[in-house]
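Working notes for the structure below.
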Amino acid sequence: MDRHLSATLKRAQEPLALGAVGSMLIVAALLPFVFLVVNLVRAPAELSAGLALLGSREPWFVFLRSVGSALVVALASMLVGMPLGLLLGCTDVRGRKAALILHVFPVFLPPFLLALGWFHLFGRSGLWGGSEWTSGALFSLGGSVAVEALAFAPVVTSLVALALQGIDPSLVEAARVTARPGRVATRILLPLAWPAAALGGLVVFALSLSELGVPMFLRVRSYSAAVFARLGAVQYAPGEALVLTLPMLLISIALLVLERRLVGPRSFSVLGLRSTGKTVLPLGSWRPIGTLVAWAGALATLFPFVGLAWRASTGTAAVQDWIGSGVQNSIVPAAIAATLLSGMAVVLGRAIALRRAGAKALDALTVLAFVTPAAVLGVGLIGVWNRSGTQPIYGTLAIIVIGFVARYAVLPTRTFALAVARASPHFEESAAVEGAWFLRRLVRIVVPLHAGAIVAAWLLAFVFCLRDLETTILFYPAGSAPLTVRIITLEANGPEPVVAALALVHTSIVAAALVLGALAFRPRRRA
Amino acid sequence: MTTPISVDRVAFRRGAQDILSEVSLSIDAAQVVAILGPSGSGKSTLLRVVLGLVAPDRGFVRLDGEVVSADGRIFRPPEERGLAVVFQDLALWPHLTVRGNLAFGLAAKHLPADVQDERISRVLRRVSLQGKQDRYPANLSGGERQRVAIARALVLEPRALLLDEPLSNLDVPLKRELLGLLKEILRERRVTAVYVTHDLREAMQLAHRFAVLEAGRISQTGTLDELFANPTTAFLRALREDVDPVSAPTSV
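As you go down the protein sequences, you meet chains C and U in turn. In terms of this note's numbering, the first sequence opens at residue 530 and continues consecutively. In terms of this note's numbering, the second sequence opens at residue 2 and continues consecutively.
In structure tokens:
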């Protein structure tokens, strides 16, 4: 009997582990949606004002404007990111690795920090500005779109570069025998990288629609900000906020469907499954121009740091007084969430790569939570957790961790899934045939084999949690404001040099995390 | 005495494509059966069905008379089948030393440490890898890696050994050397084995019987003489002509 029970438990290890991860995801990410849908369907009295609001023109105007600008941001990011991804991903431009790293770095920062940097360059009292025109252009819908497009373009660049690096070099070599580099790029490489670019565009659209900091800072009305405002003290109207999430919820579902259609089934091939070598397309006489364009594009995303550094240099004596516990409040929940997410990613990412039952549905849930504007997810999370019995969670950093798990699960999960999909399935199958059950295989084979991917997954989750503003600003516990919230709050009424210095502190933390992660990620040769 | 491996009317589909159709095959104890077939004929899938890595949509797989998979269900998962496998890519775990690779399966069976040490030393000696147990796979030559993969499978003393084109990427002298070693070991240990390949010359070195798999169906089984006496398919005729050019029809 004991032997029978033991055998049953061993066989159940894998479904139990996946079930545990699935339960965590359901609690963190699905319950908020269930809350939203149930409450919208039941439509209690408090929602009647909200429903009336949706009957007016105003919210629809803001909604369509937000969707339209997110669309323009996505298209502009693709326009910048695709050629840069091509140049930095697989040509022989000089210093392409360094240029790619510098170009991609701002993705790991809250975009409003970049807006702050542009403000200190082109604002009324900026380093290169000083005119009404530049300031007016920045503080406009066009300015907001431009800032976001430059902030998010590296998403497309990196995905395209990654996809191109995964292409079999022989495909390019076969084309080079008969065509010039330009034709190889446009007829072979870009079509092969198109799904990755489309995925990038989709992610940028979702990020832009979610974006709160940039429109708030540049005084541009956005739909996310309208929802957020109804959860704040001045305009507090949770019923209206709930109703306002409805159109965004529909957009999220549309994005999920689009992701499934565009890339879902082939996301591994999109991101370079089983690359066999590095594809290098020599540009020939175009190399100097290619190098110039690539570096110009890479450096353009770094200009805001010049503005921040210049403004910070004009007086940072009081930074220590203003920073408070912001750094700690940022790092602690981000590290806890990243650790939790990496553990979940090992189980779920592997299950997705190996097409285990139930993994596809959980993968769709993580995508839905990521593409859903943070304001929508936030309203759902508040509804689920802001109850008298759950205050030990809602009143502490735990709620931020739950928010992070819900919103960013897709990033480490896909990172790990990609690593597993790239490796030979025979590594684990051999272990199974040798009698090792799931947990033993996981600990002895899967984890050590993909240790680098786990570090990368942790790091990605950590920096995305660190950069988060939209989720945390909705429900950070009193007195526990993370650095991003502290900066955007101070931006309204704090001393400019201090705010710029705080932005640089945040940038330095992210840079340090990435450098440490890169050192840990460096492959070691076994002697 | 029961048959170590028996496959009975197994069918397997992937999407709309039939990978295996009505495949039946039985392998007696201490017998080496070669499964021959062109690329894409379903050879590796058949091996995966026997290993329990995938379930047959229809039909039965029996090990020593016990039904282990049938009609879309796996009753005994790979961990419980007592088989061993050598894949084409060898799948040596790169983060484990040679000893770690060999000890992994033994530890999973909870064998005492002294038994593990004794078995590992014995097998490493047999494949001429003594003194290399602390090396990582990356620091071994191609031939040494092949030997580790064979040793890793043999150290488990499995009820049957399944080999999925393990030598297909090797140069001729190394292939010849390893085939000789494999033949000796399989004979002296009386190992029941299934050897999947598309190379008849390889199979001839090792196998007692042959099964020809084409488009997911077993087209012919028997000894080499039986197969060549009456080759029923073009693939088999081509194989015969390859090893025995005299039998080829004369062109005018």
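Using N, Cα and C, we set each Cβ at its ideal position, and we do this for glycine too. All figures in this text were calculated on a predicted structure; none of them were measured in a lab.
{"Check": "Taking all protein chains shown into account, decide if A1057 of chain C is buried (16 or more other Cβ within 10 angstroms of its Cβ) or exposed.", "Outcome": "For residue 1057 of chain C there is no data in the structure shown, the boundaries of chain C being 530 and 1056."}
{"Check": "Suppose you measure from the CA of R936 of chain C to the CA of V975 of chain C; what does that come to, to the nearest Å?", "Outcome": "25 Å"}
{"Check": "Taking Cβ-Cβ distances shorter than 7 Å, what residues in chain C pair up with H96 of chain U?", "Outcome": "P977, L978"}
{"Check": "I want to see whether chain U comes within less than 8 Å of F956 of chain C, judged by CB atoms only; does it?", "Outcome": "yes"}
{"Check": "What does A92 of chain U touch in chain C if you count any residue whose Cβ is under 8 Å from its own?", "Outcome": "S953, H955, F956, E958, S959"}
{"Check": "Could you work out which residues of chain C lie near G43 of chain U, taking near to mean beta carbons separated by less than 8 Å?", "Outcome": "Neighbours of G43 of chain U on chain C: none; closest Cβ ~17 Å, over 8 Å."}
{"Check": "Using 8 Å as the cut-off, can you tell me whether the segment 727–743 of chain C makes contact with the segment 596–612 of chain C, which would need three or more C-beta pairs spanning the two stretches below that distance?", "Outcome": "yes"}
{"Check": "Assign V192 of chain U to one of three DSSP states: helix, strand, or coil.", "Outcome": "coil"}
{"Check": "Cβ of G143 of chain U less than 8 Å from any chain C Cβ?", "Outcome": "no"}
{"Check": "What does the Cβ neighbour count give for R803 of chain C, buried or exposed, with the cut at 16 atoms within 10 Å?", "Outcome": "Interpretation of R803 of chain C is limited by its pLDDT of 49, a score under 50 that renders its predicted location unreliable; the figure taken from the coordinates is listed afterwards. The residue is exposed, with fewer than 16 neighbouring Cβ atoms inside 10 Å."}
{"Check": "Please report how far the alpha carbon of V1063 of chain C lies from the alpha carbon of V570 of chain C, in whole angstroms.", "Outcome": "Missing from the structure shown is residue 1063 of chain C; chain C here goes from 530 to 1056 and no further."}
{"Check": "Return the chain-ordered list of same chain residues with a C-beta closer than 8 Å to the C-beta of T234 of chain U, the five sequence neighbours on each side being excluded.", "Outcome": "V213, E215, S220, Q221"}
{"Check": "Does DSSP classify S40 of chain U as helix, strand or coil?", "Outcome": "coil"}
{"Check": "Relative to the alpha-carbon of L650 of chain C, which residue among C:R1015, C:T1036, C:T830, C:F945 has its alpha-carbon at the smallest distance?", "Outcome": "C:T830"}
{"Check": "Would V86 of chain U count as contacting chain C if we go by Cβ distances under 8 Å?", "Outcome": "yes"}
{"Check": "For T686 of chain C versus L617 of chain C, is the C-beta distance shorter than 8 Å?", "Outcome": "yes"}
{"Check": "Of all the CB atoms in chain C, is at least one closer than 8 Å to the CB of P79 of chain U?", "Outcome": "yes"}
{"Check": "Can you list the residues of chain C that L54 of chain U reaches, using a CB-CB cut of under 7 Å?", "Outcome": "E958"}
{"Check": "Assign S70 of chain U to one of three DSSP states: helix, strand, or coil.", "Outcome": "strand"}
{"Check": "What is the rounded straight-line gap between the Cα of H199 of chain U and the Cα of G181 of chain U?", "Outcome": "18 Å"}
{"Check": "Leaving out the 5 sequence neighbours to the left and right, which residues in its chain are closer than 7 Å to V33 of chain U when beta-carbon positions are compared?", "Outcome": "L187, A194, Y196, L207, A208, H209"}
{"Check": "Which value, in whole angstroms, describes the spacing of the CA atoms of P639 of chain C and E957 of chain C?", "Outcome": "39 Å"}
{"Check": "Answer yes or no: does any C-beta atom of chain U fall closer than 8 Å to that of E769 of chain C?", "Outcome": "no"}
{"Check": "Can you grab the Cα-Cα spacing for the pair D243 of chain U / R123 of chain U, in whole Å?", "Outcome": "39 Å"}
{"Check": "Mind pulling the chain U residues with CB within less than 7 Å of G964 of chain C?", "Outcome": "E80, G106, A109, K110"}
{"Check": "I'd like the list of long-range same chain contacts for A1042 of chain C, defined as Cβ closer than 8 Å, with 5 residues on each side in sequence excluded.", "Outcome": "L988, F991, V992, L995"}
{"Check": "Does Q857 of chain C pass the burial test, meaning 16 or more other C-beta atoms within 10 Å, or should it be called exposed?", "Outcome": "exposed"}
{"Check": "Just to confirm the assignment: which complete alpha helix (DSSP H) runs, minimum length 4, are found wholly within the segment 709–745 of chain C?", "Outcome": "710–713, 719–739"}
{"Check": "State yes or no: is the beta carbon of I974 of chain C nearer than 8 Å to at least one beta carbon in chain U?", "Outcome": "yes"}
{"Check": "Check whether the Cβ atoms of L103 of chain U and I75 of chain U sit closer than 8 Å, and answer yes or no.", "Outcome": "no"}
{"Check": "How would you write the range of the alpha helix (DSSP H) that L593 of chain C sits in, first residue to last?", "Outcome": "586–619"}
{"Check": "Could you pull the start and end residues of the alpha helix (DSSP H) that T895 of chain C belongs to?", "Outcome": "888–900"}
{"Check": "Could you check what DSSP says for R803 of chain C in three-state terms: helix, strand or coil?", "Outcome": "Residue confidence is low: R803 of chain C scores 49 on pLDDT, short of 50, so the model does not pin down where it sits. Its coordinate-derived value is still stated next. Three-state result, R803 of chain C: coil."}
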